[in-house]
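Under full-length UniProt numbering, the first residue of the sequence shown carries the number 1, and numbering increases by one thereafter.
Note that the Cβ used here is the ideal one computed from N, Cα and C, for glycine as well.
The structure under discussion appears below in the form of structure tokens.
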Amino acid sequence: MWKRELGSVNDFIVDGNRIYLVDQNDRLLALTTDGGVTLWTQSDLLHRLLTAPVLYNGNLVVGDSEGYMHWVNPEDGHFVAQQKVDSSGFLTDPVVADGKLLIQAKDGTLYAITR
1 MWKRELGSVN DFIVDGNRIY LVDQNDRLLA LTTDGGVTLW TQSDLLHRLL
51 TAPVLYNGNL VVGDSEGYMH WVNPEDGHFV AQQKVDSSGF LTDPVVADGK
101 LLIQAKDGTL YAITR
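In structure tokens:
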């Protein structure tokens, strides 16, 4: 058993021996499942009101309040791609279904992204 103080967390996902999460300052973190050791931190999106992360096509993906989708390498936390998708921004968490990445914008538009 282990314990790690992280503050508020916007949900998390587990993949193998890694935990991926967004903290209260909108940092994306990767931790080990065995001890909660930080593997990497992506701090370039501070205060962008990130969605929870999701794994899609081998990358971590988060949306933000400015309408961008960010693809991040789960091994090292570096950006793979960033794309402006919607000017109203995202508040709902992305979902993977039927090989598509689904996310709804603040204005109600639903996007199905295949990449």
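Check, Outcome
"Which residue comes first and which comes last in the beta strand (DSSP E) that contains residue 100?", "100-104"
"Which partner residues of residue 84 appear in the DSSP bridge assignment?", "68"
"Roughly how many angstroms lie between the CA atoms of residue 1 and residue 32, to the nearest whole one?", "13 angstroms"
"In the DSSP assignment, find the beta strand (DSSP E) that holds residue 23 and state where it starts and stops.", "18-23"
"Taking the Cβ atom as the reference point for each residue, do residue 100 and residue 88 lie within a distance shorter than 8 angstroms?", "no"
"Can you name, in chain order, every residue of its own chain whose Cβ lies under 6 angstroms from the Cβ of residue 103, other than the five neighbours on each side?", "63, 90, 94, 111"
"Report the residue from 57, 84, 85 whose alpha carbon sits nearest the alpha carbon of residue 72.", "57"
"Buried or exposed, going by whether 16 or more other CB atoms sit within 10 Å of the CB of residue 47?", "exposed"
"Near residue 25, which residues of its chain fall below 6 angstroms by C-beta distance, leaving aside the five closest residues on each side in sequence?", "46"
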